[in-house]
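I have placed the structure first, in the form of structure tokens, so that the comments after it can refer back to it.
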Amino acid sequence: MSKPDNDVLQRFLFEQSDVRGEIVSLQDSYQAVLTNHRQSGQGIPAAIDTLLGEFLSAAALLSATLKFDGIITLQAKPKNEGALKLIMADCTRHNNLRAVARYEASKAPSDEQGCDFRSLLDGGYLVITIDPAKGKRYQSVIAIEHDSLSACLNTYFQQSEQLPTRIWLAADEHRAAGLLLQALPIQLQSLEQRSELWQHLSLLADTLKADEQVALSHQQQLHRLFHQEELQLFEPTALQFSCSCSRSRTANMLISLGEKEIQAIFEEQTSIDVGCEFCHYVYQFSAEQAARLFIDEPPTLH
Ligand SMILES: [Zn+2]
-14 MSKPDNDVLQ RFLFEQSDVR GEIVSLQDSY QAVLTNHRQS GQGIPAAIDT
36 LLGEFLSAAA LLSATLKFDG IITLQAKPKN EGALKLIMAD CTRHNNLRAV
86 ARYEASKAPS DEQGCDFRSL LDGGYLVITI DPAKGKRYQS VIAIEHDSLS
136 ACLNTYFQQS EQLPTRIWLA ADEHRAAGLL LQALPIQLQS LEQRSELWQH
186 LSLLADTLKA DEQVALSHQQ QLHRLFHQEE LQLFEPTALQ FSCSCSRSRT
236 ANMLISLGEK EIQAIFEEQT SIDVGCEFCH YVYQFSAEQA ARLFIDEPPT
286 LH
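Residue numbers for the sequence shown follow the working numbering, beginning at -14 and rising by one.
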């Protein structure tokens, strides 16, 4: 048996048809996220880990559907006063992935059952944000009314006026994986032919089991599902954990708090330390450095 793929995204096309797919497998990038996540607290249930894995896989697959440079963010905002406060993942067009979950162990449910997707997030919202490098940011909000992230996303694809799209996600404590099928605008097939093929391929993909997704190579998964189809698998693209935080972004966040607020903080302490939730890097600002943020840029001399 060949080894599973690691930290790669691959596109595939069904020959002579208007349907394509993306397949992803994550290991090191996922483990980097889990290592950071565990630094943020003790007693985090395994269900949050695997949910982070599914969010990462989904962000990677969705980023592959972007036609321009930018970042796609997938964020769940739970509604109730439960233990999970926030979970999100983002992926850039250059395949830099990151994810974070905010979890209050003191509010953890006493039984395992309270840790499934539905119990953690029921009544909350899923927000998909597309932030192009150039142009306006675009956001979709989806009510969480299903038992899994993939079911929520599939409902979203169905309701939005996009091309028919479906997603299958899986994660265990070691690896995360995902599969996406998307119908393309009619070019090679008639609408009827494409719908027929779409139904057929979706039904086949529904037979893929989560443990197969995390354990099998891309070749094996695609062979297992679609061996009767003519399929072209493209070269893999590498994905990596990388945080997009920076000192200037952190400075902008401080500026948005306002000068008064910042001055008030310095009455109590000598520096402001802002830690990144994703990578735990700490940006430190002295009173002098913070004060300089509120002075207008001097005019450039020519
Ligand atoms: Zn960071």
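Where a beta carbon is used, it is the ideal one built from N, C-alpha and C, also for glycine. Remember, it's a predicted structure, so these values are computed and weren't measured experimentally.
Residue i beta carbon near ligand 1 (any heavy atom closer than 8 angstroms)
| i | result |
| --- | --- |
| ARG87 | no |
| ARG83 | yes |
| SER233 | no |
| PHE270 | no |
| PHE263 | yes |
| SER229 | yes |
| TYR110 | no |
| TYR123 | no |
| TYR266 | yes |
Between the CA atoms of residue j and residue i - distance to the nearest angstrom
| i | j | result |
| --- | --- | --- |
| GLN144 | LEU51 | 19 angstroms |
| GLU253 | GLU262 | 23 angstroms |
| PHE270 | THR114 | 30 angstroms |
| THR150 | GLU244 | 46 angstroms |
| THR140 | ILE257 | 43 angstroms |
| LEU82 | PHE219 | 21 angstroms |
| ALA44 | LEU59 | 6 angstroms |
| ALA93 | GLU215 | 48 angstroms |
| ILE56 | VAL112 | 14 angstroms |
| GLU66 | SER104 | 11 angstroms |
| ILE250 | ARG234 | 19 angstroms |
| PRO307 | PHE(-3) | Because the chain in this structure spans residues -14 to 287, residue 307 falls outside the shown range and cannot be described. |
| GLN213 | ALA49 | 25 angstroms |
| CYS228 | GLY163 | 21 angstroms |
| GLN184 | ARG209 | 17 angstroms |
| ALA161 | GLN167 | 20 angstroms |
| VAL85 | SER175 | 43 angstroms |
| ALA275 | LEU148 | 47 angstroms |
| ARG87 | SER2 | 43 angstroms |
| GLN159 | VAL18 | Residue identity check: residue 159 is His in the sequence provided, not Gln. Going from the Cα of HIS159 to the Cα of VAL18 covers about 11 angstroms. |
| ILE240 | PHE279 | 7 angstroms |
| GLN217 | LEU224 | 21 angstroms |
| ASP116 | GLN172 | 29 angstroms |
| GLU89 | GLN24 | 13 angstroms |
Nearest candidate by alpha-carbon position, reference residue i, set the options
| i | options | result |
| --- | --- | --- |
| ASP101 | VAL112, TYR110, SER133, ILE127 | SER133 |
| HIS265 | TYR15, GLY6, ASN21, LEU278 | ASN21 |
| SER231 | THR192, GLN205, VAL259, LEU46 | VAL259 |
| VAL4 | TYR123, LEU169, ASP34, GLU246 | LEU169 |
| PHE53 | LYS119, ALA68, SER2 | LYS119 |
| LEU193 | LEU239, ALA161, GLN206, LYS70 | GLN206 |
| VAL9 | THR255, THR222, SER229, SER241 | THR222 |
| ALA136 | ALA236, ALA86, GLU39 | GLU39 |
| ASP191 | GLU177, LEU165, ILE171 | LEU165 |
| GLN12 | THR255, GLU181, LEU37, ASP107 | LEU37 |
| LEU69 | ASN80, LEU224, ASP107, HIS159 | ASP107 |
| GLY109 | LEU41, ALA61, GLN217 | ALA61 |
| ALA32 | ALA156, PHE(-1), GLY6 | ALA156 |
| SER14 | GLY26, ILE152, LEU(-6) | LEU(-6) |
| LEU182 | THR255, PHE211, SER202 | PHE211 |
| LEU46 | THR35, SER180, GLY6, ALA272 | GLY6 |
Just checking, does the region 195 to 209 make contact with the region 55 to 75 on the three C-beta pairs under 8 angstroms criterion?
no
Three Cβ pairs or more, each shorter than 8 angstroms: is that satisfied between the region 120 to 140 and the region -12 to 4?
no
If you scan the region 51 to 81 from start to end, which runs of the beta strand (DSSP E) of 3 or more residues do you find wholly inside it?
55 to 62, 69 to 77
Which complete alpha helix (DSSP H) runs does the region 189 to 244 hold, if anything under 4 residues is left out?
195 to 200, 203 to 211, 232 to 242
Would you list, in sequence order, the uninterrupted beta strand (DSSP E) runs of no fewer than 3 residues that lie entirely inside the region 91 to 130?
110 to 117, 123 to 128
In chain order, what are the residue ranges of uninterrupted beta strand (DSSP E) at least 3 long that sit wholly in the region 256 to 280?
256 to 260, 267 to 271
Write down every uninterrupted run of the beta strand (DSSP E) in the region 0 to 30 whose length is 3 residues or greater and which is fully enclosed by it, in chain order.
4 to 11
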